[in-house]
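Basically the numbering used here = 1-based index in the sequence shown + 1303.
Cβ coordinates follow ideal geometry from the N, Cα and C atoms, glycine included.
Heads up: the structure comes next, in structure tokens.
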Amino acid sequence: MSNRSDLRYWGEGLPAGLPDAPDGEDLWAALAASGCGRPLEPHLDELFQDRPAPRVWLLLHRPGGEQASAVAAAALAAACAARQQSTVIVDLDEDESLLTRRSGRAEQDGLLDMARYGASLAAAGVRIGWSGRAGWFLGVGSYTPTEITETEASGVLSRLRHQADDLILVCPSGEPGRRWSAFADQRFFCWDRSTDVREIPDLAAAELAG
């Protein structure tokens, strides 16, 4: 990852955190109803950078900053859905698993089970009723550490590319970010409002170096 120069920073305009909703699918209903993607909709062409579908986005966060990439993923998916793009949000944060827990999918089928055991997206995922076009969420999987191999990662992402226009991967920086970076078309380091924006390049350089 350290030899790539495409990393961009995303913090301005993000909501402060996930909505106060009961855990489970109600989280996604609350996000869909919140209009979280509207601020991004006018900027999608700029974000796409003329890349055709399917696109793979890697949204990175520093340790303890998982709210930032979670809300960024929801905003991006909602904006894409408004343009009739199909989306899958994937939680790769095995330590915090924020979106997995809030979706009521802890220790249930998810990415691991698709990658290793051949589970279908419908069986392993949560359907999201975005305005425009419905999407999916995939949690970490039925157990951790998943120890997903490079071959398994490549295989499951290949499957998902045939099922969605935009794959949105939510991942901590450091070693997990380096591992999944090879599969991403675009990478964003997501920061929260408690972090001084002047520190962001230094944080990213330190945490993503490898």
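Buried/exposed call for residue i, threshold 16 Cβ in 10 Å
{"i": "S1256", "result": "Nothing in the structure corresponds to residue 1256, since the chain is present only between 1304 and 1513."}
{"i": "W1494", "result": "buried"}
{"i": "D1469", "result": "buried"}
{"i": "P1475", "result": "buried"}
{"i": "S1423", "result": "exposed"}
{"i": "E1349", "result": "exposed"}
{"i": "N1306", "result": "Confidence in N1306 is poor, its pLDDT being 41 and thus under 50, which makes the residue's placement too unreliable to answer from."}
{"i": "E1397", "result": "buried"}
{"i": "H1346", "result": "exposed"}
{"i": "G1340", "result": "buried"}
{"i": "G1438", "result": "buried"}
{"i": "S1484", "result": "buried"}
{"i": "E1399", "result": "buried"}
{"i": "M1304", "result": "Note that M1304 scores 31 on pLDDT, short of 50, meaning its location in the model is unreliable; the coordinates nonetheless yield the value given after this. Its Cβ being crowded by 16 or more others within 10 Å, M1304 is buried."}
Own chain, CB closer than 6 Å to residue i, minus 5 neighbours either side, in chain order
{"i": "A1418", "result": "I1451, E1455 and V1459"}
{"i": "A1376", "result": "L1362, I1392, I1471 and V1473"}
{"i": "W1331", "result": "I1431"}
{"i": "L1401", "result": "E1369 and A1373"}
{"i": "L1343", "result": "A1378 and A1382"}
Cβ neighbours of residue i in the same chain (closer than 7 Å, five flanking residues each side left out)
{"i": "G1320", "result": "Q1370 and V1374"}
{"i": "S1337", "result": "P1322"}
{"i": "H1599", "result": "Given a span of 1304 to 1513 for the chain in the structure shown, any question on residue 1599 remains unanswerable."}
{"i": "S1327", "result": "The residue you asked about is not Ser; residue 1327 is Gly in the sequence shown. Answer for G1327: S1406 and G1407, listed in chain order."}
{"i": "S1434", "result": "A1335, A1384 and A1385"}
Contact check, residue i vs residue j, beta carbons under 8 Å
{"i": "T1403", "j": "V1443", "result": "yes"}
{"i": "F1486", "j": "L1310", "result": "no"}
{"i": "S1406", "j": "V1429", "result": "yes"}
{"i": "R1436", "j": "Q1387", "result": "yes"}
{"i": "A1425", "j": "L1441", "result": "no"}
{"i": "P1357", "j": "R1464", "result": "yes"}
{"i": "A1324", "j": "A1333", "result": "yes"}
{"i": "L1395", "j": "P1448", "result": "no"}
Sequence-distant residues of the same chain with beta carbon closer than 8 Å to residue i, five excluded per side
{"i": "W1351", "result": "The residue you asked about is not Trp; residue 1351 is Phe in the sequence shown. Correct list, in chain order: R1358."}
{"i": "E1410", "result": "S1445 and Y1446"}
With a threshold of 8 Å, are at least 3 pairs of Cβ atoms found where one atom belongs to the stretch 1373-1385 and the other to the stretch 1410-1421? They do not touch, by the three-pair rule.
Report the start-end ranges of each beta strand (DSSP E) in the stretch 1405-1443 that is 3 residues or longer and not cut off at the edges. You should have 1428-1431 and 1438-1441.
Only counting runs of 4 or more residues, tell me where the alpha helix (DSSP H) segments fall wholly within the stretch 1439-1479, in order along the chain. Every alpha helix (DSSP H) of 4 residues or more that sits fully in the stretch 1439-1479 is shown, in chain order, as 1453-1464.
Tell me the start and end of each unbroken alpha helix (DSSP H) in the stretch 1324-1388 that is at least 4 residues and wholly inside, in chain order. Correct list: 1328-1337, 1347-1351 and 1369-1385.
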